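Engineer: For reference, the structure I am asking about is given below.
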Amino acid sequence: MRSSVFVPALLLSVITTSISCEAQKKTAFKANNQLLQTIQTDFEDGAKQYKVLKATLPPDRFPKTYFPQTGKSETSGSGWWCSGFYPGTLLYLYEQTGDTVLLNEAERILGVLQKEQYNKSTHDLGFMMFCSFGNANRIKPKPEYKEILLNSAKSLSTRFNERVGCIKSWDSKEASDFLVIIDNMMNLELLFESTKASGDSSFWKIAVTHANTTMKNHFRADYSSYHVLNYDVTTGGVKEKKTAQGFADASAWARGQAWGLYGYTVCYRYTKDVRYLQQAQHIAEFILKNPNLPANKIPYWDFNAPDIPNALRDASAASIMAAAFIELSQYTKGKDARTYMQAAETMISNLSTPEYKAAAGTNGGFILQHGVGHKPAGTEIDVPLTYGDYYFIEACKRYKELSK
Numbered sequence: 028m029r030s031s032v033f034v035p036a037l038l039l040s041v042i043t044t045s046i047s048c049e050a051q052k053k054t055a056f057k058a059n060n061q062l063l064q065t066i067q068t069d070f071e072d073g074a075k076q077y078k079v080l081k082a083t084l085p086p087d088r089f090p091k092t093y094f095p096q097t098g099k100s101e102t103s104g105s106g107w108w109c110s111g112f113y114p115g116t117l118l119y120l121y122e123q124t125g126d127t128v129l130l131n132e133a134e135r136i137l138g139v140l141q142k143e144q145y146n147k148s149t150h151d152l153g154f155m156m157f158c159s160f161g162n163a164n165r166i167k168p169k170p171e172y173k174e175i176l177l178n179s180a181k182s183l184s185t186r187f188n189e190r191v192g193c194i195k196s197w198d199s200k201e202a203s204d205f206l207v208i209i210d211n212m213m214n215l216e217l218l219f220e221s222t223k224a225s226g227d228s229s230f231w232k233i234a235v236t237h238a239n240t241t242m243k244n245h246f247r248a249d250y251s252s253y254h255v256l257n258y259d260v261t262t263g264g265v266k267e268k269k270t271a272q273g274f275a276d277a278s279a280w281a282r283g284q285a286w287g288l289y290g291y292t293v294c295y296r297y298t299k300d301v302r303y304l305q306q307a308q309h310i311a312e313f314i315l316k317n318p319n320l321p322a323n324k325i326p327y328w329d330f331n332a333p334d335i336p337n338a339l340r341d342a343s344a345a346s347i348m349a350a351a352f353i354e355l356s357q358y359t360k361g362k363d364a365r366t367y368m369q370a371a372e373t374m375i376s377n378l379s380t381p382e383y384k385a386a387a388g389t390n391g392g393f394i395l396q397h398g399v400g401h402k403p404a405g406t407e408i409d410v411p412l413t414y415g416d417y418y419f420i421e422a423c424k425r426y427k428e429l430s431k
């Protein structure tokens, strides 16, 4: 699948045009000054929290969560899907504060993470390697970072199956199973960027094929998505549509809807294929017009949870959505653009209140409270989550940068 084919000049032109168009649209945005002040405080408080997190972290471990009731933290090795979020958040906070303690810690933990560039057993290399080394290479470019990212893209590409048209998410004991989760849309950015960096179009082709197959099969008529699809590896057909982390197979798991919204917005950024923009807008409409979306825009962990309005909220889903809505607003005009930006502003504002943002020195060093990881499995329920912090700080960063 991988070849030495170079990206057509038209494609590179699209990338350049995309950047210039985005820059033009940013000038029309009028930021909320009070929210900007709140965001600056979020950056400063986040930096303090991540120093607390740093102080309690074993040298070769990565933060996962913290349990307020017991006061205990949970960590992982570098192979866990969340390992890229800690260095990524450190780098975002360093950008906003200039605190070199954060940069030094990010560079230290990147050294622990770098071996995962050769990990072919996971589809999560986008989360793991692009949120970390991608940001590191953007802030302080190094040839070794570029090489690590390309090797990561090559490893991810080995999980692509041409007959199915997707990157495999999870391995299965059943030989004919080919499991794909909506989360996998978030790993395509690594592939798009690797084509830009290397000129190797095979990464790009895998990304758009996966996006197209997912768009065809993963979504319902109302543009909510299933969590897990099980394809038949021999025929490429769909065997099952189900959930793993949601309430039910037919329910709309909130973080899954966030992954889809963010993922198709990213696909439009790179390709300018209007089908991806329309898909992102359809998902946005499902989220924002859903009768079960609370007024404060912090979604319940599942839009169809049986105990609404007493169901748990998922701050991590809100963070991902906020970051996506900010970007999506830049690709749309008029009422739609205002709707997306207002949703993001509401989400950031409410996540920044004491109800969701932890007081300094608490929460095990994590920034946000009240995330829901895997409720059906009984794990990471109503706790901080490392990806919740990452996308919250990303949303704040995007808003601040637009204000300039």
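Using this note's numbering, you'd call the opening residue of the sequence shown number 28 and step up by one each time.
By construction, the Cβ of each residue, glycine as well, lies at the ideal position given by its N, Cα and C atoms.
In this text the structure is predicted, and so the values were computed from the model without any measurement.
Might you give, ordered along the chain, the residues of its own chain that have their beta carbon closer than 6 Å to the beta carbon of residue 263, omitting 5 neighbours on each side?
Structural biologist: The residues are 190, 191.
Engineer: Between which two residues does the beta strand (DSSP E) carrying residue 258 extend?
Structural biologist: Where residue 258 is concerned, the enclosing beta strand (DSSP E) stretches over 255-259.
Engineer: According to the Cβ coordinates, are residue 431 and residue 373 closer than 9 Å?
Structural biologist: For residue 431 and residue 373, no; Cβs fall outside 9 Å.
Engineer: Where does the unbroken beta strand (DSSP E) through residue 266 begin, and where does it stop?
Structural biologist: Start and end: 265-269.
Engineer: Reducing DSSP to helix, strand and coil, say where residue 366 ends up.
Structural biologist: It is helical.
Engineer: If you follow the alpha helix (DSSP H) that residue 68 is part of, which residue opens it and which one closes it?
Structural biologist: 60-83 is the extent of the alpha helix (DSSP H) around residue 68.
Engineer: Apart from the five residues just before and just after residue 349, which ones in its own chain have a Cβ nearer than 6 Å to its Cβ?
Structural biologist: Around residue 349: 371, 374, 375, 422.
Engineer: Exposed or buried, which one is residue 337 when buried takes at least 16 other CB atoms within 10 Å?
Structural biologist: Residue 337 is exposed by the Cβ-count criterion.
Engineer: Does the pairing of the region 355-367 with the region 59-66 give three or more beta-carbon distances under 8 Å?
Structural biologist: Short answer: they don't touch.
Engineer: Can the beta-carbon of residue 256 be found less than 9 Å from the beta-carbon of residue 352?
Structural biologist: No, they are not a contact pair.
Engineer: Let me make sure I understand the geometry here. Which of 130, 83, 152, 290 has the alpha-carbon closest to that of residue 111?
Structural biologist: Minimum Cα distance to residue 111 is reached at 152.
Engineer: If you compare alpha carbons, which of 429, 420, 401, 389 is closest to residue 96?
Structural biologist: Cα-wise, what sits closest to residue 96 is 389.
Engineer: In the DSSP assignment, what residue or residues form a beta bridge with residue 102?
Structural biologist: Answer is 90.
Engineer: Using DSSP with H/G/I as helix, E/B as strand and the rest coil, what is residue 52?
Structural biologist: For residue 52, the predicted model reports a pLDDT of 45, less than 50, meaning its position is unreliable; a value from the coordinates is still stated below. Residue 52 falls in the helix class under three-state DSSP.
Engineer: What is the DSSP secondary structure of residue 201, reduced to helix, strand or coil?
Structural biologist: In this structure, residue 201 counts as coil in the three-state DSSP scheme.
Engineer: What residue does the beta strand (DSSP E) around residue 335 start on, and which one ends it?
Structural biologist: Residue 335 -> no beta strand (DSSP E), and no H or E assigned at all.
Engineer: Buried or exposed: where does residue 254 fall if 16 or more other Cβ atoms within 10 Å of its Cβ makes it buried?
Structural biologist: The residue is buried, with at least 16 neighbouring Cβ atoms inside 10 Å.
Engineer: Taking the alpha carbon of residue 400 as the point to measure from, which residue in 171, 224, 158, 414 has its own alpha carbon closest?
Structural biologist: Considering only alpha carbons, the answer is 414.
Engineer: Identify the residues that DSSP records as bridge partners of residue 327: which are they?
Structural biologist: Its beta-bridge partners are 340.
Engineer: Less than 7 Å between C-beta atoms, sequence neighbours within five positions excluded: which residues of the same chain meet that for residue 319?
Structural biologist: For residue 319, where only same-chain residues beyond five positions count, the Cβ hits under 7 Å are 327, 330, 335.
Engineer: Should residue 100 go down as buried or exposed, given a rule of 16 or more other Cβ atoms within 10 Å for buried?
Structural biologist: Per the 10 Å Cβ criterion, buried.
Engineer: So residue 248 packs on residue 221, CB below 8 Å; how close in whole Å?
Structural biologist: About 34 Å separates the two Cβ atoms, so there is no contact after all.
Engineer: For residue 120, which residues from the same chain have a beta carbon less than 8 Å from its beta carbon, with the 5 sequence-adjacent residues on both sides left out?
Structural biologist: Around residue 120: 70, 73, 74, 77, 126, 129, 420.
Engineer: Say whether the region 233-251 touches the region 290-304, bearing in mind that this needs 3 or more beta-carbon pairs closer than 8 Å, one atom from each stretch.
Structural biologist: Taking 8 Å as the limit for Cβ pairs, the verdict is that the region 290-304 does touch the region 233-251.
Engineer: Could you pull out every residue in the same chain whose Cβ sits closer than 7 Å to the Cβ of residue 425, ignoring the five residues on either side in sequence?
Structural biologist: Counting only Cβ-Cβ distances below 7 Å, and skipping sequence neighbours, we find 350, 353, 354.
Engineer: Express the C-alpha separation of residue 218 and residue 231 in angstroms, rounding to a whole number.
Structural biologist: Roughly 6 Å between the two C-alpha positions.
Engineer: Distance check for residue 174 and residue 245, CA to CA, integer angstroms please.
Structural biologist: Taking the straight line joining both Cα atoms gives about 33 Å.
Engineer: Starting from residue 401 and walking both ways along the beta strand (DSSP E), at which residues does that stretch end?
Structural biologist: Residue 401 -> beta strand (DSSP E) spans 398-401.
Engineer: Is it the case that the Cβ atoms of residue 193 and residue 417 are separated by a distance below 9 Å?
Structural biologist: No, these two residues do not count as a Cβ contact at 9 Å.
Engineer: DSSP state of residue 278, grouped into three classes?
Structural biologist: Residue 278 falls in the coil class under three-state DSSP.
Engineer: Could you compute how far the alpha carbon of residue 89 sits from the alpha carbon of residue 137?
Structural biologist: For residue 89 and residue 137, the distance between alpha carbons rounds to 11 Å.
Engineer: Quick one: give me the first and last residue of the beta strand (DSSP E) that residue 143 is part of.
Structural biologist: Per DSSP, residue 143 belongs to no beta strand (DSSP E) and is neither H nor E.
Engineer: Using a Cβ-Cβ cut-off of 8 Å (strictly less than) and excluding sequence neighbours within five positions of residue 276, which residues of its own chain qualify?
Structural biologist: 253, 268, 269, 270.
Engineer: Indicate whether residue 182 and residue 261 have their beta-carbon atoms separated by less than 9 Å.
Structural biologist: No, the pair does not count as a contact, with Cβ atoms beyond the cut-off.
Engineer: Using the Cα positions of residue 211 and residue 150, report the straight-line distance between them to the nearest angstrom.
Structural biologist: Cα to Cα, the separation comes out at about 7 Å.
Engineer: Which whole-angstrom value describes the C-beta separation of residue 176 and residue 164, a residue pair presumed to lie in contact below a C-beta threshold of 8 Å?
Structural biologist: Confirmed, about 7 Å.
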